[in-house]
DNA sequence: CCACATCCATAACCGGAGGTTATCGACGCA
DNA sequence: TGCGTCGATAACCTCCGGTTATGGATGTGG
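Chains as they are written, first to last, in the working numbering: chain A, 111 to 406; chain B, 111 to 406.
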């Protein structure tokens, strides 16, 4: 029997959510479409996968068997995709590197320059990773490695090489009252609304609201933004303030935004990350070596 | 990126055949359909997978990478399918057992009876395996095990339990001249046309034309049949003769067909086969135990 | 107790993807 | 030079996966 990986993703979403409506929303399809697809999957497999009730969808025995096997199928396909893209990059002498907007800094340029020197004729293509799904491009092989910032989600499948550590500062509208002071303590910011990234979940979100320094005090979200430009605009508009690495003051300098030192929060670390599911391609190995040299 | 396993099978066929037209024939689709699908796969992956030439399709580097990864993807999906069907069979208390038509005999009944005794409330569903693709049903989990005859293709992924060994005889039209003799030597049959199974390839085909006893003399195929009834009809019609296990004389007795002993050919062995990719389900384990008891 | 919210199923409709047949252009070969 | 074989292209049809709108069943709060 044939299946589409899309169908397996649908199944996985429903199994995880335990709810057709929510799963449909998560997959960006309509609920009837999901209903139809799940029914079809059940028919073709000749087994009921879920028991329907008013309070959602619960896995049956066969459903659990499928749920246990699906990650392996999807994983092996993603790996296949990665292998193809790696081979294509090798053929065209291109190394695709992703980067989180905030991870752009001088070190990045040093690494690329060193790689270029070691591999003349090769091109490095940089593509910005979305804040919402920062590691997606890496698992599917769209990029072979990426400059990211700690904390890094799902550390297990990736190798990490720390490049530099820098203090974090606070970004706020230039006309914000707190911008008067040249330096601030984090306690001064506790009541301010923050501008946050969208998919920022778990440890990553906690890090950028400095949860460890809040002592359990909740944070107020003034705006959620997807791209650096939106982020800067939101801050300039006064929707909220945000923590940022010190280098942002150089790379995202604007007249309507003030960056100020902050005492009492941990610094931020930039890393180079790459999937360690397979051996790195020779070109990537050179890039990693260049990064290792450039690291502090 | 999403794919259909069908598309991966298409790719695999083209990679193996090295030729679109032949691959299309093997897949039972038209050649333009395959052209379109392969093109689409290349576009979506952003890499050329084949170099086209007058003499066919040759894999590129990315194509080789994909070809290496595809068996893993398809294999894990087949395994998932098998797990689901096994769970469903467990739930409905059904054990599905396949059998090659020629493997039906008294021993089969003994095994089933012993299993029934050990698992009251369970049902055994027998379904006949096609001669063309005898092990298909087992890999996809449509049946959990099957009664087969040696030689068994692709032995590696299956566990085999021999059940009985019996001499082989020859089946021919009742009015065939050779039917006059009560017993024959295989050399007498060398010039006769044979009735063969369709997908009979390699060792299996060799076994049923007794290639080892022919001393290199080629065989003439008088007819190719898919089902036992066709097979019997072809023999009765005089299209050819065929080797058969001795038990066929009991299970496929017809007035217009004569079975005669043959000297000088090896006997045939019936085995119970099951996939050993995963641990057998408890019910299958009981069935295997029943078979082990019933074995000679 | 009734109005409402939630959850899944159903119906009717639409566009596109995948299949088909027919045909072409390029090349190797007898 | 004519034929056979290869893959590409065009025109067409069917069905599948998506959409919106709506219904039925079942908790739930004012």
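Built from N, CA and C at the ideal position, the CB exists for glycine as well.
Kindly say whether residue i, judged by its beta-carbon, lies nearer than 7 Å to any beta-carbon of chain A.
i: residue 327(B); result: no
i: residue 155(B); result: yes
i: residue 267(B); result: no
i: residue 116(B); result: yes
i: residue 272(B); result: no
i: residue 198(B); result: yes
i: residue 182(B); result: yes
i: residue 208(B); result: no
i: residue 483(B); result: Given that chain B is displayed from residue 111 to residue 406, the structure contains no residue 483(B) and the question cannot be resolved.
i: residue 171(B); result: yes
i: residue 143(B); result: no
i: residue 190(B); result: yes
i: residue 366(B); result: no
i: residue 125(B); result: no
Under DSSP, the beta strand (DSSP E) around residue i begins and ends at which residues?
i: residue 379(B); result: 378-385
i: residue 278(A); result: 278-283
Assuming residue i is part of the alpha helix (DSSP H), what are its boundary residues?
i: residue 367(A); result: Note, residue 367(A): premise wrong, no alpha helix (DSSP H); beta strand (DSSP E) at 367-373.
i: residue 154(A); result: 141-155
i: residue 171(B); result: 171-202
i: residue 165(A); result: From DSSP, residue 165(A) is part of no alpha helix (DSSP H); its letter is neither H nor E.
i: residue 338(A); result: 338-346
i: residue 246(B); result: 246-249
i: residue 359(A); result: 358-361
Would you list the one or two residues that DSSP bridges to residue i?
i: residue 293(B); result: 371(B)
i: residue 303(B); result: 330(B)
i: residue 260(A); result: Answer is none; residue 260(A) lacks a bridge partner.
i: residue 314(A); result: Looking at the DSSP assignment, residue 314(A) forms no beta bridge with any residue, so it has no partner.
i: residue 233(A); result: 204(A)
i: residue 274(A); result: 380(A)
Does residue i get closer than 7 Å to chain B when you measure Cβ to Cβ?
i: residue 291(A); result: no
i: residue 187(A); result: yes
i: residue 242(A); result: no
i: residue 246(A); result: no
i: residue 387(A); result: no
i: residue 394(A); result: no
i: residue 287(A); result: no
i: residue 201(A); result: yes
i: residue 194(A); result: yes
i: residue 179(A); result: yes
i: residue 54(A); result: Residue 54(A) falls outside the range modelled here, since chain A spans only 111 to 406, and no answer is possible.
i: residue 251(A); result: no
i: residue 161(A); result: no
i: residue 113(A); result: yes
With DSSP run on the structure shown, which of helix, strand or coil describes residue i?
i: residue 131(B); result: helix
i: residue 351(B); result: strand
i: residue 111(A); result: coil
i: residue 434(B); result: Absent from the structure is residue 434(B), since the part of chain B shown begins at 111 and ends at 406.
i: residue 405(A); result: coil
i: residue 213(A); result: helix
i: residue 207(B); result: strand
i: residue 335(A); result: coil
i: residue 124(B); result: helix
i: residue 388(A); result: coil
i: residue 393(A); result: helix
i: residue 255(A); result: strand
i: residue 364(B); result: coil
i: residue 269(A); result: strand
i: residue 159(B); result: coil
i: residue 73(A); result: Coverage of chain A is limited to positions 111 through 406, which leaves residue 73(A) absent and any answer about it impossible.
i: residue 308(A); result: coil
i: residue 226(B); result: helix
Quick check: does the Cβ of residue i come within less than 6 Å of any heavy atom belonging to the ligand ADP?
i: residue 278(B); result: This structure lacks the ligand ADP; in fact it carries no ligand of any kind.
The stretch 199-214 of chain A in contact with the stretch 250-266 of chain A per 3-pair CB rule at 8 Å: yes
Stretch pair the stretch 266-280 of chain A + the stretch 375-386 of chain A: three plus CB contacts closer than 8 Å: yes
Three or more C-beta pairs below 8 Å linking the stretch 124-132 of chain A and the stretch 118-132 of chain B: no
The stretch 185-201 of chain B / the stretch 388-404 of chain B touching (three or more Cβ pairs under 8 Å): yes
Meets three-Cβ-pair contact criterion under 8 Å: the stretch 293-310 of chain A and the stretch 371-381 of chain A: yes
At least 3 beta-carbon pairs within less than 8 Å: the stretch 336-351 of chain A vs the stretch 304-318 of chain A: Yes, since at least three Cβ pairs between the stretch 336-351 of chain A and the stretch 304-318 of chain A fall closer than 8 Å, the two stretches touch.
Given 8 Å, three or more beta-carbon pairs between the stretch 213-227 of chain A and the stretch 172-182 of chain A: no
Touch test, the stretch 170-179 of chain A against the stretch 139-159 of chain A, Cβ-Cβ under 8 Å, three pairs minimum: Short answer: they touch.
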